[in-house]
Amino acid sequence: MPELPEVEVTRRRIEPRLVGRRIARVDTTGPSYFFLTPPRQLRERLVGRRIESLFRRGKYLLADLDVGSRLLLHLGMTGQLFSSDARSPRFLSATARAALAPGEQANFRPDKHTHLALAFEDGAPEVYFRDVRKFGKVLLLEPGESHPRIDRLGPDALEADGGLLRESARGRRAPVKSFLLDQRVLAGVGNIYADEALFRAGVRPGRGVHRVTRREFDAIAAALRSVLRRSIETGGSSISDYVSPDGEDGRFQDERRVYGRTGEACLECATPIRRRVIGQRSSHYCPACQG
DNA sequence: CACTTCCCCTGCAAGC
DNA sequence: TGCTTGCAGGGGAAGT
């Protein structure tokens, strides 16, 4: 599940495949809520455009185009961005994967989950946006056009600040976990890194955010910054579908301390890790280390 | 405004 | 074996 680190790693590795290139052809699947801009419009308006830059805000990727328009991509839960020369079994459907001989590297062919394909004038490898669960989003903003999805985002979570968190928490009573997942508070935090940061800060996810102390807000902010930075360094978390654009798995899943470790021993105190649903999301914590 | 619940979708694993 | 059920979850919309 791509959160800030996975999106940032994706950005860094797909950037050279996009920036400076002019789009020659656009293929899409049919209309669906995946396309906030209807696919027909997308095809019409993207052809002939040159991609000038690719940057990230929270979990969004934004590509600025030569005419001042902007392509906005969100990977959702299972979104993958990669080029046609990348190789990874994670780019393949289960059936295609099962048909592989051991050690065989299959070529990727756009399948029914490949919702957007960009071909370039210079003949560079095509870039695909594949998303099995279709929770991802594609939106083309006209020059000067804004969108609440972007406008509402809080500061990037890599710059999490304890004082600012405390400020944003005023008047709120939701569980601190839900608070951290609110993209208006911080942009980029998802389920994995919220749990990991709360563990490292020693705060239970279910605690009301109005009961979090100043010191704890500082600890949470520091934990978020370091966990997110570390995850980027290790290539992100490859837990289910995530794989970087060049087909390389991330390694941060090996450094998880609570996420997905329900029933396993806490690495600090050996108490079994607990799982509890908070705000419709599974949350993992150590009942002994987190108060 | 704050907060909760529901829902979009598909693949996989567990249970019968 | 093959079916059903449950679960994963970002985030918007609607409801309280």
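Everything in the first sequence is counted per the working numbering, starting at 135 for the first residue and increasing by one. Where is the CB? At the ideal position from N, CA and C, for every residue including glycine.
Here's a check: name, in chain order, each residue in its chain whose Cβ is nearer than 8 Å to the Cβ of residue i, leaving out the five neighbours to either side.
i	result
Glu398	Pro406, Ile407
Ile354	Ala294, Gly296, Leu299, Val310, Leu314, Ala331, Leu332, Ala335, Val337, Val346
Val181	Ile157, Ala158, Arg159, Val160
Smallest Cα separation from residue i: which of the options?
i	options	result
Gln214	Gly202, Ser203, Ser227	Ser227
Lys271	Leu207, Asn325, Ala303, Gly297	Leu207
Ala328	Leu362, Asp245, Gly305, His344	Leu362
Thr163	Pro379, Arg177, Thr396	Arg177
Ser218	Leu358, Ser372, Leu250	Leu250
Ala422	Ala404, Ser416, Ile412	Ala404
Looking at the secondary structure, which residues open and close the beta strand (DSSP E) in which residue i lies?
i	result
Leu209	Element bounds for Leu209: n/a, residue is neither H nor E.
Ser374	Looking at the DSSP string, Ser374 is not in any beta strand (DSSP E), and its letter there is neither H nor E.
Val143	Counting along the chain, Val143 falls outside any beta strand (DSSP E), though it belongs to the alpha helix (DSSP H) covering 138–152.
Val411	408–412
Leu196	194–199
Glu186	185–191
Who are the Cβ neighbours of residue i in its own chain at under 6 Å, not counting the five residues just before and after it?
i	result
Arg341	Val310
Arg391	Phe333, Leu401
Arg267	Met211, Thr212
Over the uninterrupted alpha helix (DSSP H) stretch that includes residue i, give me the two end residues.
i	result
Asp329	325–335
Asp352	348–367
Ser312	310–315
Arg415	Careful: Arg415 lies outside any alpha helix (DSSP H), inside the beta strand (DSSP E) at 415–419.
Assign residue i to one of three DSSP states: helix, strand, or coil.
i	result
Ser166	coil
Gly296	helix
Glu301	helix
Arg338	coil
Arg204	strand
Enumerate in chain order the residues of its own chain whose CB-to-CB distance from residue i is below 7 Å, with the five nearest sequence positions on each side excluded.
i	result
Leu320	Gly288, Pro289, Ala291, Ala294, Leu314
Ala258	Arg151, Arg155
Ala357	Ala331, Arg334, Ala335
Phe254	Arg155, Arg156, Ile157, Ala158
Asp352	Gly296
**OP:** Run through the region 212–288 for me and flag every whole alpha helix (DSSP H) of 4 or more residues, listed as ranges in chain order.
**Re:** Complete alpha helix (DSSP H) runs here, min 4: 228–232, 282–285.
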